[in-house]
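Asker: Chains as they are written, first to last, in the numbering used here: chain U, 518 to 604; chain B, 5 to 644.
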Amino acid sequence: MFRDKRTRRETNTLYHTGASQHVRIVDIIGGRGMRQHLSQLGIGIGDVIFIKRNAPFGGPILIEHNGTEIAIGRGVAERIIVEEETS
Amino acid sequence: MRIAFVGQPNSGKSTLFNSVAGYKSLSANFPGSTVHYTFGKARVGGEIIEVVDLPGTYSLTASSPAESAAKQYLLEKEIDAVINVVDASLLSRSLELTLELIELQIPLVVCLNMIDEAERKGIHIDAAKLSELLGVPVATTVATKGVGVDQLFYVARRVARKRELPSSEILGHKDIEDVFAELAEHINGKIASRFPISKRLLAIKLLEGDEAFLEMADEGEKRLVAHYQNELEKTHGRPADMVIASERHALAMELAEAVSTVTKPRRDIRDTIDDLLMHRVWGYAFLFLIIYIFFALVFKIGALFEGPLLKLFDAAIATLGAHMDQGTLLFALLKGVMQGVAGGVAIVLPYLVPFLIGLAVLEDVGYLPRVAFLMDAFMHRIGLHGTAIVPAILGYGCNVPAVMATRVLTSPRDRTIAAVISTLVPCSARMTVIFGLVAFYLGPSWALGLYVFDIAVIAASGKVISLLMPELTPGMILEVPRYQLPAIRSLVSKTWLRMREFVVVAWPLLIIGSALLALGEFYHVDKIANVALSPLTTLVLGLPIAVGTTLIFGVLRKELSMIMLIQALGTANILSVMTPQQVMVFTVFVMFYIPCVATIGALVKEIGTRFTLYTIVYTFFLATAIAAVVRIAFTIFSVF
C-alpha cells in the first residue's frame, strides 16, 4: 500500500494545510501514545484523509477517514506531516 | 453462563446491552461513556445469562483507564463467550480490535451493528464472507430497533456452550510473523502463567511495549523483547509498535475491502446541520443559542411548577398548625418532615426533571463532541484541551459522573485538572439552589449572570492549577460521531437513572435531615452548631446565624442547604427574612464550597486522597473569598 518510487511532492503539517483537501499522511512525529491513539481510530501513515474543516483561533482540525470523523487538536495536527493528494 | 460485550467506543454496545438486560447501562453519543463494567441478567430461550458490558476500547493496547479496564477484564475474568460489537459503517477500523480478540482464542461472535447506517453510507457488507474469512460467526443487528438481537444471542449461546473457538489464523507478512514466532518460543516465565493467552499474543503485546505485560516479564525476556524490537525497527525503519500497528491496520483494511462493496453515499441532512453547527462563526452562535434555550426552558418549566407547589405546601403546613398544638414535639417533627417533602417536590423536581431530559437529549444526539471541537482553542487557554469539556458539561447534571468521565482523558495531569474544575461546575442540585433562590426571588437574569460568572471562575481555576502542574499535554484526538435521533427509551432510562439518585438517596436524607433539624431546634441543639459556624456565616458572609446548620447539610447534598434553609428560617418566603444581597451571598457560597460527599468519593477514586484534600481546601477558601467579595461589592455599589 505504500508507493515507494515517486517524485517528492511538497509536504506540510496537517495544521498548516487548508480545509476541503485530500491529503496523504507521510509521517507522524509524535510520542508512542499519540501514534497509538491515532492508529486506534484507524489512522496511520500512508492513509489518505480528507480535511473537512478547521476551527478558528488556533482550534482543531476535523478530518474524515473511512467514514469516521475525528477532531485533532492543533498540537497533534502540527506533528502530522501530510502531502497533497491530487486524485 | 457469562457473556461479555466488547466493542469500540460508540459502537452501540450499551444500547445492545440495555435491550437485553433492562436499563442498567448508560449509553451516550460520545466515546468513553461507559467507564466501568455493568452487569445484567438476560433471559435467552428460557436460560438466564449473565451479561457484562465492558468499557468501549479501540484496541487491547490500552491508552486510557477506560480501555485498560476492558483489557484487564478480558484477560483475567472467566468469560464463556465474547460478543464483539462492531459499527458496520466503520468496518475497517473496527476489525483491528476484532483481530486482537481472535488472537485471544476465546469463543467469539462478531455482531455487525448499525447495519442500516452502513447501508445509508453506501457500504454493503457480505456477512457470510466476513464470517468465513474471520473464522467466527457473524450476526447483523440494528440494536436501536432491536433487529437481529435474538439471533445474535442464539448464536452466542451456542458458541459459548460448545466452546467454539475462532477457526482461522489470520497472519501478516512472513518476516513479522517469524519474529512473533521466535519470541513466542522463548516466553516461559511467570508471565506465561499469569496471562492464560496464546504465546503468540504475548509476544505481540511485549513487542508493542505494553506496560501491563512488560512488568511481568523477567530480565531475560525483556532483553529478548528489546532485541526483536530492534530487529523490527531496523528492517522496517519504524519503531516496533508502529510496525505491528500498521500491519494490523493493513490486514483489517484488506479484510474490510474484501467483504464490502461501496456505492455512493447518500448525502443527508446531517451533513448540512454540521456545516452550520460546526461553522467557524455560526457554530459559536448556535452553541450559545442552544445553551441559552436549554437553560431558559429549564427555568420556564421549573418556575411554572415551583410557585404553585410551594403555596400548596405552605397552606398544608398552616392547616396542620391550625389543628394541632404548635408547642409539641410531634408538631415540630411533622412540620420538619413536611418541609422536607415540600423541598423535594416543589423546588428540586420541577427543575431537575426538565434539566436531565435536556442533557440526555444533547448527549444522545451527539452534540457534546462538537462542543469539544468548538471549544478546544478556548480550553487550551486554561491549560487543557477540547476533550475535557465533555466531563465539564456532564458536571452540569451531576459532578459524580463528571469526575468519572475524566477517564476519557489520557494524561493523568489532564484528568486531575479536569476533575477539580468539574467540581466547580454547578450541578443540577446547585442549579435548583440557583434557580429556586436567585432566579425565583431576584430574577432569571441574576441566575444567568451567576452561570457566566461560574465559567469565569472555572477558567481562572483551570489556569491557576495548570500553572501549578506545568506539563505539555498531547492534545485532542476525539472521534466525532454522526448525529443520531435520540431513542425515547434511552432518554427515559437515562433521566430516570440520574433522577433515582435524588429520589432514592437524597430525598430520604432530606426528609430525615429536616426532621433532625426540627428536632434539634426543639431541643435547641442547632444553636450550638450555628454559633460554632457564626464566625464564617455572620462575620465574614453577613448571613443570618441560622444558616450555619444548612451549610453542614449541604455537604451531604447540595440541594439540602437550600431546603434546610427553608426549614431553618421557618418560612418558604425567603425574602421575608433575608435581604436580596444575603440570598446572593448564600447562593454564591453554596455554588463553590466543598464538593458533596458523593463527589468526594468519586474524586478519591479518580485522583487520589491527596488531590481530593487539596480540592476540598481549595473550594472552601475559594467559596469564602468569592462570597465575601460579592458581599462587599454589593454593599459598595448598593446593588439591591
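We put the beta carbon where it would ideally sit given N, CA and C, even for glycine. None of these values were measured; they are calculated from a predicted model.
Closer than 9 Å between beta carbons: that is the criterion. Which residues of the segment 534-568 of chain U meet it against chain B?
Answerer: Cβ contacts with chain B come from I545, G547, G548, R549, G550, M551, R552, Q553, H554, L555, S556, Q557, L558, G559, I560, G561, I562, G563 and D564.
Asker: Tell me, please, whether the segment 376-391 of chain B touches the segment 581-594 of chain B by the rule of three or more beta-carbon pairs shorter than 8 Å.
Answerer: Cβ pair count under 8 Å is below three, so no.
Asker: Distance check for B:A627 and B:A464, CA to CA, integer angstroms please.
Answerer: Taking the first residue of the second sequence as position 1, residue 464 of chain B is located at position 460. Taking the first residue of the second sequence as position 1, residue 627 of chain B is located at position 623. Cα-Cα distance, rounded: 14 Å.
Asker: For a contact defined as C-beta to C-beta under 7 Å, what are the partners of B:V484 on chain U?
Answerer: Position 480 of the second sequence, counted from the start, is the residue given in the question as residue 484 of chain B. Ordered by position in chain U, the residues that pass the 7 Å Cβ test against B:V484 are L579, E586, I587 and A588.
Asker: If you draw a straight line from the alpha carbon of B:R486 to that of B:G370, how long is it in whole angstroms?
Answerer: Residue 486 of chain B sits at position 482 when you count from the first residue of the second sequence. Residue 370 of chain B sits at position 366 when you count from the first residue of the second sequence. Using only the alpha carbons, I get a separation of about 7 Å.
Asker: What is the residue span of the alpha helix (DSSP H) that U:E527 lies within?
Answerer: The sequence position of residue 527 of chain U within the first sequence is 10, counting from 1. Premise fails: U:E527 is in no alpha helix (DSSP H) and is neither H nor E.
Asker: When you compare the CB of U:I598 with every CB in chain B, is at least one pair closer than 7 Å?
Answerer: Numbered from its first residue, the first sequence carries residue 598 of chain U at position 81. No, U:I598 lies away from the interface with chain B (no Cβ there is under 7 Å from its Cβ).
Asker: Can you find the residues in the same chain that come closer than 7 Å, C-beta to C-beta, to U:D544, ignoring five residues on each side of it along the sequence?
Answerer: Sequence index remark: in the first sequence, residue 544 of chain U carries index 27 (1-based). Cβ within range, chain order: I562 and I598.
Asker: Please tell me whether U:E613 and U:R541 are closer than 7 Å, where the distance is taken between their beta carbons.
Answerer: Missing from the structure shown is residue 613 of chain U; chain U here goes from 518 to 604 and no further.
Asker: Spatial neighbours of B:S538 within its chain, please: C-beta separation below 7 Å, excluding the five flanking residues on both sides.
Answerer: Here residue 538 of chain B refers to the residue found at position 534 of the second sequence. For B:S538, where only same-chain residues beyond five positions count, the Cβ hits under 7 Å are I549 and G552.
Asker: Examine chain U for any beta-carbon lying closer than 7 Å to the beta-carbon of B:H389, and answer yes or no.
Answerer: Reading the second sequence from its first residue, position 385 is the one you call residue 389 of chain B. Closer than 7 Å: yes.
Asker: Could you give the C-beta distance for B:I87 and B:I110, rounded to a whole number, given that I count them as a contact under 8 Å?
Answerer: In the second sequence, counting from the first residue as 1, residue 87 of chain B sits at position 83. In the second sequence, counting from the first residue as 1, residue 110 of chain B sits at position 106. No, B:I87 and B:I110 are not in contact; Cβ-Cβ is about 11 Å, not under 8 Å.
Asker: With C-beta atoms as the reference, is B:V163 less than 7 Å away from B:A85?
Answerer: Translated into the one-based positions of the second sequence, residue 163 of chain B becomes position 159. Translated into the one-based positions of the second sequence, residue 85 of chain B becomes position 81. Yes.
Asker: Against B:G249, what residues of chain U qualify as contacts under a CB-to-CB distance less than 8 Å, listed in chain order?
Answerer: As a working note, residue 249 of chain B is residue 245 in the second sequence. Reading the sequence as shown, one finds Ala at residue 249 of chain B and not Gly. What B:A249 touches in chain U: R552, Q553, S556 and G561.
Asker: What do you get for B:N33, buried or exposed, if any count of 16 or more other CB atoms within 10 angstroms of its CB means buried?
Answerer: Taking the second sequence and counting its residues from 1, the one referred to as residue 33 of chain B is at position 29. Note that B:N33 scores a pLDDT of 49, beneath 50, so its modelled location is shaky; the value from the coordinates is reported in the next line. So B:N33 ends up on the buried side.
Asker: Could you tell me the boundaries of the alpha helix (DSSP H) in which B:A433 lies?
Answerer: Within the second sequence, the letter at position 429 stands for residue 433 of chain B. Per DSSP, B:A433 belongs to the alpha helix (DSSP H) from S432 to V437.
Asker: Within the 7 Å Cβ cut-off, does U:N675 reach chain B?
Answerer: Residue numbering for chain U in the displayed model covers 518 to 604; residue 675 of chain U lies beyond these limits and cannot be assessed.
Asker: Among all the DSSP beta bridges, which residues are the ones paired with B:A8?
Answerer: Within the second sequence, numbered from 1, the residue matching residue 8 of chain B stands at position 4. Looking at the DSSP assignment, B:A8 forms a beta bridge with B:V56 and B:V86.
Asker: Could you check what DSSP says for B:S250 in three-state terms: helix, strand or coil?
Answerer: Reading the second sequence from its first residue, position 246 is the one you call residue 250 of chain B. The answer is helix: DSSP assigns B:S250 an H, G or I state.
Asker: Can a CB atom of chain U be found closer than 7 Å to the CB of B:K75?
Answerer: Here residue 75 of chain B refers to the residue found at position 71 when the second sequence is read from its first residue. Chain U, which has no Cβ nearer than 7 Å to the Cβ of B:K75, makes this no.
Asker: For B:E610 and B:V407, I'd like the C-alpha separation in whole angstroms.
Answerer: Walking along the second sequence from the start, residue 610 of chain B turns up at place 606. Walking along the second sequence from the start, residue 407 of chain B turns up at place 403. Their Cα atoms are separated by approximately 7 Å.
Asker: What's the gap between the Cα of B:N14 and the Cα of B:L301?
Answerer: Within the second sequence, the letter at position 10 stands for residue 14 of chain B. Within the second sequence, the letter at position 297 stands for residue 301 of chain B. Spanning the two alpha carbons is a distance of roughly 29 Å.
Asker: Please list the residues of the segment 224-252 of chain B that have a C-beta atom closer than 9 Å to any C-beta atom in chain U, keeping them in chain order.
Answerer: Within the segment 224-252 of chain B, the qualifying residues are R242, P243, D245, M246, A249, S250 and R252.
Asker: Please check if any C-beta of chain B sits within less than 7 Å of the C-beta of U:V593.
Answerer: As a working mapping, residue 593 of chain U is identified with position 76 in the first sequence. So yes, U:V593 belongs to the interface.
Asker: Below 8 Å on the Cβ atoms is my contact criterion, and I expect B:I386 with B:S470 to pass it. Report the Cβ-Cβ distance as a whole number of Å.
Answerer: Mapped onto the second sequence, residue 386 of chain B falls at position 382. Mapped onto the second sequence, residue 470 of chain B falls at position 466. Confirmed, Cβ separation roughly 7 Å.
Asker: Does the beta-carbon distance from B:F303 to B:A443 come in below 7 Å?
Answerer: The residue you call residue 303 of chain B lines up with position 299 of the second sequence. The residue you call residue 443 of chain B lines up with position 439 of the second sequence. Yes, Cβ-Cβ distance for B:F303 and B:A443 is below 7 Å.
Asker: For a contact defined as C-beta to C-beta under 8 Å, what are the partners of B:I481 on chain U?
Answerer: As a working note, residue 481 of chain B is residue 477 in the second sequence. Under the 8 Å cutoff, chain U gives M551, H554, L555, L558, I587, A588, I589, G590 and V593.
Asker: Which residue comes first and which comes last in the alpha helix (DSSP H) that contains B:A606?
Answerer: Here residue 606 of chain B refers to the residue found at position 602 when the second sequence is read from its first residue. B:A606 -> alpha helix (DSSP H) spans V601 to I640.
Asker: Which chain C residues are close to B:A381, counting only those with a beta carbon under 8 Å from its beta carbon?
Answerer: Of the chains in the structure shown, none is chain C; the protein chains are U and B.
Asker: If you count every other CB in all the chains shown that lies within 10 Å of the CB of B:M595, and 16 or more means buried, which is it?
Answerer: The residue labelled residue 595 of chain B in the question sits at position 591 within the second sequence. Result: buried.
Asker: Give the list of continuous alpha helix (DSSP H) stretches no shorter than 4 residues that lie fully inside the segment 188-270 of chain B.
Answerer: Listed in chain order, the complete alpha helix (DSSP H) runs (minimum 4 residues) inside the segment 188-270 of chain B are 194-198, 203-212, 215-218, 223-240 and 244-263.
Asker: Can you find a C-beta in chain U that's less than 7 Å from the C-beta of B:F377?
Answerer: In the second sequence, residue 377 of chain B corresponds to position 373, counting from 1. Yes, contact with chain U.
Asker: Return the first residue and the last residue of the alpha helix (DSSP H) that U:H467 is part of.
Answerer: This structure cannot settle anything about residue 467 of chain U, because the visible part of chain U is limited to 518 through 604.
Asker: Any C-beta of chain U within less than 7 Å: which residues of the segment 49-62 of chain B qualify?
Answerer: If the cut-off is 7 Å between Cβ atoms, the segment 49-62 of chain B has Y62 near chain U.
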